[in-house]
Amino acid sequence: MFNCTNRPNGKMKNGKLPTFRTSIFSSTHHSKPSVPHNPTSPPAATSYLLHPPNAYCLSSALQHYINSDNPCHGQKIHSHILKTGFSPNTNISIKLLILYVKSSCLSYARQLFDKLSQPTLSAYNYMISGYIKHGFVGESFDLVHRLVLSNEKPDGYTFSMILKASTGDNVSLIRIGREVHAQIVKFDVETDDILYTALVDSYVKGGRVGYARRVFEMMLEKNVVCSTSMITGYLKQGSVEDAEDVFKKTVEKDVVVFNAMIEGYSKSIDTAKRALEVYIDMQRLDFSPTISTFASIIGACSVLSAFEIGQQVQGQLMKTEFFTDIKMGSALLDMYSKCGRTEDARRVFDHMPEKNVFSWTSMIDGYGKNGNPNEALELFSRMQGYHPIEPNYVTFLSALSACAHAGLIARGREIFESMQRDYSVKPRMEHYACMTDLLGRSGGLNEALEFIMEMPERPNSDVWAALLSSCRIHGDVEIANIAANELFKLSSDSRPGAYVALSNTLAEAGRWDNVSEIRELMKGRGISKDTGFSWIGTDDGLEAFHFGQRSN
């Protein structure tokens, strides 16, 4: 067997394709040419051993291995061709190329491709697909460029491959979709569902949902894959009505398109209630929830703080194979924590058969945000000894926040300093803001200001807001002015936070003249305080109540 490589430009020994000896080619009987009998191989697999080689038999044998689960076993045919000096025709050369592509031997495949006097479209497509499959996107683009300049004409399959490659994780080329679309029109390529779907997906992932919709509307029959892409794109950019329009027009709905709607709705408090409605509708239509469905609907319950509905979802989940999945456990404990049900969250945590960094972090964060900082720090200490899992930047943020709520300055400093020293986790602005809050909340406002001034990077608005908030707690107008002025420089005029915080600090210090000045400044700049609202459970379901509202 040849020693294959995925490197597109891999070098072969002596610049030639290798040959090898195998017992299947040697025989002590020379009276007449014969094909050795192998009871485990069909005739096509061994017919190439006829001497002299026969083009038809070689082609059949190659096709057999191309279609098999182990195409690399067919490489012995190439060795036989080289050994006998047979000159393969174009058909056999292309089949050898396909064999090497399917065997992940791209360097050998490319050598065969380059030896073709006039590569066919099939040869181009197989070589391009091989490059894309193994992540050599640049090489695939180069080959497409060569194809466009050749006498061959790219087809829909060529362009669909390139569109798929351009939306992968390794390349972010938003313009590719439009360029490929232009080439499709230029070459008058026959479009089909596969090509339309690739175009729609490319435009959506490139953030060009408007272009995607134009292509989508050109389709005579909208398939569910395209509908799902359109829905995902619209919901991602907040175009809820457009997403709903596509969903309603999708005749052949499946669980994936329902999941797209549920996931999109679950991200925002404004639409999370609709996620629950779609979840109920899909089950009425006899679609069984998948692990993605459960993850999204549990997320919606978290956003709405609807733990009673979350409990019902957990009851359903327990009857499925997904219940023991680590993602489900993490989602459930996060939901219970955000609903203030830390005991329920801990029960889920303790019964998880396997835990990851997200599970630990969610539980630590849940304790910290629900007024149990000591439990949060105790769990953080346990996690530090739970190898091989190590805290990430979010875990450290949760631990620092717990220290701030408990007023544990020394412990907070120890955790902050251990981030980079022990775990190679570089502190982010959130961590600096949390340390500022810890120092300031405990009354060390000068220490907090000194900490900010010594930061290796320029503090952002979160850091100054943390200091300003602490100034309000302790009535320090002087440092509050410093923090507020820095916030005015960083924040746009439309953000009321800094103005309101400074106004409240001045009010609590009895500086009413200054309060009036701040409020007049806000009026002059058209800045108003944000109106908050909450979701509560009623007999009729979930209702939203705005701040200050006494009845609905």
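Just add 1 to wherever you are in the sequence shown, counting from 1, and you've got this note's numbering.
Where is the CB? At the ideal position from N, CA and C, for every residue including glycine.
All figures in this text were calculated on a predicted structure; none of them were measured in a lab.
The three-state secondary structure of LYS154, taken from DSSP, is coil.
Secondary structure at THR506: helix, using DSSP grouped into helix, strand and coil. ASN152 and SER94 have their C-alpha atoms some 19 Å from each other. Assignment of GLN317 by DSSP, reduced to helix, strand and coil, places it in the helix class. Taking the Cα positions, LYS339 is about 46 Å away from PHE160. When Cβ pairs closer than 8 Å are counted between the two stretches, the stretch 419-427 is seen not to touch the stretch 442-457, the count staying below three. Taking a cut-off of 8 Å on C-beta distances, the stretch 346-366 does not touch the stretch 305-312, as fewer than three cross pairs fall below it. In its chain, beyond the 5 residues on either side, PRO54 have a beta carbon closer than 6 Å to the beta carbon of PHE87. For MET456, there is no enclosing alpha helix (DSSP H), as DSSP gives it neither H nor E. At a Cβ-Cβ threshold of 8 Å, VAL464 and THR506 do not count as neighbours.
Cα atoms of ASP194 and VAL210: separation of roughly 18 Å, rounded to the nearest angstrom. For PHE142 and ARG111, the gap between their C-alpha atoms comes out near 14 Å.
In terms of Cα proximity to LYS250, the closest of LYS223, ARG275, SER269 is LYS223. The C-beta distance from LEU97 to HIS79 rounds to 6 Å, short enough to fall under 8 Å. The straight-line gap separating the alpha-carbon atoms of LYS77 and LEU83 is approximately 10 Å.
For THR396, the closest alpha carbon among the candidates ARG179, HIS135, MET364 is that of MET364. The beta carbon of THR272 sits closer than 7 Å to those of VAL241, TYR266, all from its chain and outside the five residues before and after it, given in chain order. Annotated three-state conformation of THR85 is helix, per DSSP. Around the beta carbon of VAL252, fewer than 16 other beta carbons lie within 10 angstroms, which makes this residue exposed. The Cβ-Cβ distance between ILE327 and SER297 does not fall below 8 Å. A check of alpha carbon separations from ASN393 across VAL149, ASN375, VAL358, ILE416 identifies VAL358 as the nearest. Boundaries of the alpha helix (DSSP H) around GLN184: 177-187.
ASN447 is the residue among ASP202, ALA261, ASN447 whose C-alpha sits nearest the C-alpha of ILE483.
With distances taken between CA atoms, GLN119 lies nearest to ARG147 out of CYS73, GLY157, ARG147, THR192.
Around the CB of GLU245, 16 or more other CB atoms lie within 10 Å, so the residue is classed as buried. In this structure, VAL225 keeps its C-beta atom at 8 Å or more from the C-beta atom of ALA213. Beta-carbon to beta-carbon, GLY178 and SER203 are separated by about 4 Å, close enough to satisfy the 8 Å threshold. Boundaries of the alpha helix (DSSP H) around PHE417: 410-424. Distance from VAL145 to ILE129 at the Cβ level is roughly 6 Å; contact confirmed, criterion being Cβ atoms closer than 8 Å.
Ranking LEU318, HIS135, LYS165, PHE137 by CA distance to the CA of SER289 puts LEU318 first.
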